[in-house]
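Residue numbers (full-length UniProt numbering): 1 to 310.
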């Protein structure tokens, strides 16, 4: 297979036309080339890809399995190239077939992604999203720097001038026990500290926000379970004697919510902020500006809905 530098873009245009028309003659008419020029292009394509690509049949040219594998990536690449050449500083989401790459930590993936995809399907049916997950905020910065993602949503990243961000929403904390737990009648500080606690720690630490706050009072809690998956916590609490202090949004969307008793933590905990971050080099790109604004509007609707539930 030849290197990209040796590939004539016109060959890919010819391939795309033959794939669409299944005829050298009709493909030539489609892109304004003679039949002999198209035959020569097909010969070069066969040499380039080391495959027949198209074989004759009673109904016309039939693509080989190799040609079928090539059809989608070549077609998509040509559409993207055409969009780049036609770029005028105006972005039309309804006609665009752009693909955006979005980094998401676990919580935004659960609470934002379904609504975001629904909004995209309505406003821009041909746009696709490639999601990459991350845990540590440093990883989000690395992906933005490397151009692996166009934007990222998670806890606020570094204040480097090359990384821009805006606050999307906040999550307050609630403490939960199972509905028929003795502590369901009232969760004061003494009762709270006396229970076995479930700690969610994606990084594997055994010390969290609650521990920091309790240390200010000279208190320590007893951990009964530490786990990395935050969305498993409500179901576990609903079946055990454990108490957990979680972001309210996790509890709100849990299938186990009806089997839980939800309380304001007996200690004051600051809410967790989630921000949209992007690299400065993408700041003025009109398509990405549209994408970021759509994320912002979905997050704002989510925040309003959460406040209504409270």
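Glycine residues also receive a C-beta, built at the ideal position from the N, C-alpha and C atoms.
- When the Cα atoms are used, residue 198 and residue 212 turn out to be separated by approximately 15 Å.
- Here residue 264 is exposed: its Cβ has fewer than 16 other Cβ atoms, across all protein chains shown, within 10 Å.
- Taking each of 224, 114, 99 and 59 in turn and checking the Cα distance to residue 149, the smallest one comes out for 99.
- The residues 102 and 104, in chain order, have a CB closer than 6 Å to that of residue 131 in the same chain once the five nearest residues on each side in sequence are set aside.
- Secondary structure note for residue 234: it is in no beta strand (DSSP E), and the uninterrupted alpha helix (DSSP H) holding it is 233-237.
- Annotation: residue 172 is outside any alpha helix (DSSP H) and is labelled neither H nor E by DSSP.
- Pairing residue 191 with residue 184 gives a Cβ-Cβ distance that is not under 8 Å.
- Closest in C-alpha terms to residue 168, from the list 301, 19, 296 and 113, comes 296.
- Given a length threshold of 3 residues, each whole run of the beta strand (DSSP E) inside the stretch 30-107 is given here in chain order: 54-57, 60-63 and 99-104.
- Here residue 233 is not near residue 260, since their CB atoms are 8 Å or more apart.
- For residue 196, the three-state secondary structure derived from DSSP is strand.
- Judged by DSSP in its simplified three-state form, residue 294 adopts helix.
- Per the C-alpha coordinates, the member of 143, 277, 177 and 27 positioned closest to residue 61 is 27.
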